[in-house]
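Residue numbers (our numbering): 83 to 429.
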Amino acid sequence: MNNKLTLFTINFPYYFIRAVINFLASKGIERTKLLELIDTDADEINQSSRHYASHEYEKLLSYGARELGIKNIGFKFGKTFDISIWGLFGHIVTASPNLWKVLEYQKRYQCLLGNSGRAYHEKDGDRIILRWLSGMEASSNNIEHVISAWITFAFTHYQSDDKPISVHFNHSPLADVGEYEAFFGCPVFFNANFNGVIINESSLNIPIKSYNEEVMNVLCCHAENQLASLRSNVSLEIITQFIVETLPERVPELTDIANHLSISPRQVQRKFQKEGTNLTNLLEDIRISLATSYLSQTDHKLLYISLMLGYSEQSAFQRAFKRWTGLTPQSFRQTPMAIIKNGSPTQ
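This is how it looks when you write it as structure tokens:
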């Protein structure tokens with residue numbers, strides 16, 4: 083067993099933390115208490131360079147749930163969705179023509195939203211399955227917020243009253259299921275085999291009310307500039323996104339990353355040294371994070387997961403997973419895992 087199993091740090095951008103603090107304060111919790119809870123201040127939650135660890139976000143959610151007596155605080159938070167919680171990407175979304183374009187932009191600008199999870203979609207006949215793959219440490223309220231925010235955006239920005247076919251959550255219900263179904267307008271399944279939404283493919287073509295091509299192009303230019311800045315700073319976020327997107331095709335080498343960033347392999351190595359890691363360790367961290375999330379939050383077959391992680395054979399993935407965790411992928415999937423720490427499973 084690997085005795086030092088460490089996942090890369092999950093973080094949230096400043097505007098995300100600012101949004102949850104604003105929401106909890108609007109419900110009557112003292113703002114200064116919320117700021118003290120995560121050792122920050124009013125200035126820091128407005129600084130574009132500031133990022134917060136996932137446990138700080140989770141601390142705010144759990145504190146709000148206790149103080150307000152609302153077990154499904156994430157769902158309530160998602161229902162009050164403010165587009166600013168997605169930062170620049172949120173404004174791009176509102177200026178986009180339809181959800182097909184939104185999905186395209188989401189894939190390209192994912193790293194600008196932090197690294198708390200990964201959204202992806204699959205086609206199933208005339209239906210689209212929108213999935214959310216969160217980090218292993220994500221709470222049920224964290225996940226409910228993400229899915230609820232997606233639907234709230236659609237309800238408020240679509241030129242249609244179209245509803246989802248169904249909504250799915252891995253966890254047990256935190257409140258009466260009827261409350262969720264009344265809001266989503268469709269069946270809601272808990273203890274499901276994935277987190278996400280099933281919609282009609284035709285829903286992706288529904289126009290967005292605030293579509294503005296000129297504004298969208300200007301905002302995309304800003305987003306491209308931010309990506310360029312991340313590349314020039316050899317950001318681990320953009321390296322991680324590149325690795326995740328490349329793994330289904332091949333395992334990227336140092337030269338691939340350098341070419342993607344338009345820098346030399348030596349510069350990439352210097353960045354890794356500065357961060358106290360290397361390509362081998364980062365690649366393993368990414369694979370561990372994706373593998374544990376896929377196994378615990380989806381019903382994807384092991385062969386599919388193996389390919390998504392860049393393994394040419396399922397057996398190679400199974401050996402690697404056993405080395406990381408001491409468990410086979412099948413055993414892990416059957417065990418109610420919360421997170422993996424220091425190489426040992428935690429129930």
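From the three backbone atoms N, C-alpha and C, an ideal C-beta is built for every residue, glycine too.
- If the five residues before and after residue 202 are omitted, its C-beta is found closer than 6 Å to the C-beta atoms of 213, all from its own chain and listed in chain order.
- In this chain, the alpha helix (DSSP H) harbouring residue 386 covers 384-390.
- One thing to note: residue 98 has its Cβ no nearer than 8 Å to the Cβ of residue 165.
- Excluding residues up to 5 positions away in sequence, 127 lie with their Cβ nearer than 6 Å to the Cβ of residue 100 in the same chain.
- Less than 8 Å divides the Cβ of residue 178 from the Cβ of residue 293.
- A contact between stretches requires three or more CB pairs, one per stretch, nearer than 8 Å, and the stretch 214-228 meets this requirement with the stretch 368-383.
- Separation of the CB atoms of residue 257 and residue 174 is rounded to 33 Å, and the pair is thereby denied contact status at 8 Å.
- Here residue 230 has 157, 160, 161 as same chain residues with Cβ atoms under 6 Å from its own Cβ, once five neighbours each way along the sequence are excluded.
- The beta carbons of residue 109 and residue 143 sit no closer together than 8 Å.
- Around the beta-carbon of residue 249, 16 or more other beta-carbon atoms lie within 10 Å, marking it buried.
- Taking each of 131, 176, 93 in turn and checking the Cα distance to residue 296, the smallest one comes out for 176.
- For residue 204, the uninterrupted beta strand (DSSP E) segment begins and ends at 199-206.
- Residue range 181-191 is occupied by the alpha helix (DSSP H) that includes residue 182.
- Contact annotation: residue 334 and residue 390 have beta-carbon atoms that are not nearer than 8 Å.
- Under the DSSP assignment, residue 111 falls outside any alpha helix (DSSP H); it carries neither an H nor an E label.
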